[in-house]
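At position 223 of the sequence shown (counting the first as 1) the number is 222 in numbering that gives the first Met the number 0, and the numbers step up by one without a gap. Here a beta-carbon is modelled for each residue, glycine too, at the ideal position from N, C-alpha and C.
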Amino acid sequence: MTALATSINIVPKKIRVIGVPLDLGQSRRGVDMGPSAVRVAGLEARLEQLGHVVEDAGNITVAIAEQKKEGDPHAKYLKEITATCTKQAELVLKTLEAGKVPLVLGGDHSVAAGTVSGVAEFYRKQSQKIGLIWIDAHTDINTPDSSPSGNVHGMPLAAIMGLGPVELANIFNFSPKVASENCVLVGVRDIDAIEKENVRRAGIDVFTMRDIDERGMRTVMEEALRIAGRGTAGYHVSLDMDWVDPEDAPGVGTPVRGGATYREAHLAMEIIADHGRMLSFEIVEVNPVIDEHNRTADLAVELSLSAFGKKIL
Numbered sequence: 000m001t002a003l004a005t006s007i008n009i010v011p012k013k014i015r016v017i018g019v020p021l022d023l024g025q026s027r028r029g030v031d032m033g034p035s036a037v038r039v040a041g042l043e044a045r046l047e048q049l050g051h052v053v054e055d056a057g058n059i060t061v062a063i064a065e066q067k068k069e070g071d072p073h074a075k076y077l078k079e080i081t082a083t084c085t086k087q088a089e090l091v092l093k094t095l096e097a098g099k100v101p102l103v104l105g106g107d108h109s110v111a112a113g114t115v116s117g118v119a120e121f122y123r124k125q126s127q128k129i130g131l132i133w134i135d136a137h138t139d140i141n142t143p144d145s146s147p148s149g150n151v152h153g154m155p156l157a158a159i160m161g162l163g164p165v166e167l168a169n170i171f172n173f174s175p176k177v178a179s180e181n182c183v184l185v186g187v188r189d190i191d192a193i194e195k196e197n198v199r200r201a202g203i204d205v206f207t208m209r210d211i212d213e214r215g216m217r218t219v220m221e222e223a224l225r226i227a228g229r230g231t232a233g234y235h236v237s238l239d240m241d242w243v244d245p246e247d248a249p250g251v252g253t254p255v256r257g258g259a260t261y262r263e264a265h266l267a268m269e270i271i272a273d274h275g276r277m278l279s280f281e282i283v284e285v286n287p288v289i290d291e292h293n294r295t296a297d298l299a300v301e302l303s304l305s306a307f308g309k310k311i312l
């Protein structure tokens, strides 16, 4: 199929790619190379083939573990992660102010605190709320008090929802970034016991893989978009590649069997594109060190294309 054929009916967007090669949020090294792996897989050129205008802003400078100390064992490298997410949030805000769509490449999932902060601040200045669609095998809603590992990549949703860590939650000096009635998790299948209580306490809607199995991806995604979209300017989509089954996405830091199939993942992104209300997009947890011939990064690019409007026909 030609580039022209794939771009029919796609509304061209101005997209700014922002790399955040942060790996301090987890103990398994390699996700700092995620942005490069996704770029090597042809993200920019393939988005441009759809008719979008793409600017690559390069990578945000991040601290590396060898030069820093973990600090608090209940929230390791929190100071450095907060500093990175703050810089990232400022760049995301400037991107939206310039009329461009932020496409963030992680890095571990702690970078979501930065992305969502920037998007939420932009729309807060316009007296508007945003929704959040969190697509992940995990809920990432631990706090320093509940986390068994102290790894901050298991805490970004808690920060976004105002549960902590306080430093990460208070980027731009307001919290929560998203109202609980506009936050929805999709594809969850590995939840810590205390996280279950945190989810209930936060009042977040959750669609597990069982929900997808029983109800189908289309029904689940339509409901998720309704939740994230009601009374909001639109929604941020945070895609952790461990949501996809390891058979198709082996290069992730915390793989869990029983994830979305290749076609289920594409269908979810296609439905997001159909609704046309995505404000920003991010891909996280691509780890080329443990990947197979860059398969996971290739899939990340494919899913990005679907989210930005690519259709089969």
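Contact check for Leu-266 against Leu-49 fails: the beta carbons are separated by 8 angstroms or more.
Using a Cβ distance threshold of 8 angstroms, Ile-80 and Val-19 do not count as a contacting pair.
Between the stretch 95-110 and the stretch 187-200, the count of Cβ pairs shorter than 8 angstroms is below three; the stretches do not touch.
For the stretch 26-87, the continuous alpha helix (DSSP H) assignments of 4+ residues that do not extend past its boundaries occur at 33-39 and 42-48, in sequence order.
When the Cα atoms are used, Glu-96 and Phe-121 turn out to be separated by approximately 7 angstroms. Between Ile-211 and Val-219 the beta-carbon gap is near 5 angstroms, inside 8 angstroms, which marks them as a contact.
Relative to Asp-191, the option among Ile-63, Ala-136 and Leu-92 whose CA is nearest is Ala-136.
DSSP, read as helix, strand or coil, puts Val-198 in helix. Residues of the same chain with a CB within less than 7 angstroms of the CB of Asn-293, apart from the 5 flanking positions on each side, are Ala-36, Val-39, Ala-40 and Pro-287 in chain order. C-alpha of Val-52 to C-alpha of Ala-306: approximately 15 angstroms in a straight line. Per the DSSP secondary-structure output, Thr-207 pairs in a beta bridge with Val-187. Short of 7 angstroms from the beta carbon of Pro-11, and not among the five residues preceding or following it, lie these beta carbons of its own chain, in chain order: Gly-50, His-51 and Val-52.
Assignment of beta-bridge partners to Gly-149 by DSSP yields no partner.
Taking the Cβ atoms as the reference, Ile-170 lies roughly 16 angstroms from Ser-237, outside the contact range of under 8 angstroms. Excluding residues up to 5 positions away in sequence, Leu-21 and Val-61 lie with their Cβ nearer than 6 angstroms to the Cβ of Thr-83 in the same chain. Taking 8 angstroms as the cut-off, the Cβ atoms of Ala-248 and Leu-298 count as close. Within 10 angstroms of the beta-carbon of Ile-63 lie fewer than 16 other beta-carbons, which makes it exposed.
When DSSP states are grouped into helix, strand and coil, Ile-271 belongs to the helix group. Burial of Asn-181 is indicated by the presence of at least 16 other C-beta atoms within 10 angstroms of its C-beta.
Pairwise C-beta distances place the stretch 114-131 in contact with the stretch 160-179, as three or more of them are shorter than 8 angstroms. Here His-108 carries a helix assignment [DSSP, helix/strand/coil]. Here DSSP, grouped into helix, strand and coil, assigns Ile-289 to helix. A Cβ-Cβ separation of about 6 angstroms places Lys-99 in contact with Ile-14 under the 8 angstroms criterion. With fewer than 16 other Cβ atoms inside 10 Å of its own Cβ, Ala-44 counts as exposed. Following the DSSP letters along the chain, one finds Ser-237 inside the beta strand (DSSP E) bounded by residues 234-239. Around the C-beta of Leu-46, 16 or more other C-beta atoms lie within 10 Å, and the residue is accordingly described as buried.
Comparing C-alpha distances from Val-255 to each of Asp-244, Ala-272 and Ala-112 shows the shortest one belongs to Asp-244.
Distance from the CA of Ile-311 to the CA of Glu-301, rounded to the nearest whole angstrom, comes to 12 angstroms.
Rounded to the nearest whole angstrom, the CA to CA distance from Glu-89 to Leu-77 is 18 angstroms. Residues His-108, Asp-135, Val-283 and Glu-284 of the same chain have their beta carbon placed closer than 6 angstroms to that of Asp-239, with the five preceding and five following residues left out of the count. One Cα belongs to Ala-158, the other to Asp-241, and the distance between them is close to 20 angstroms.
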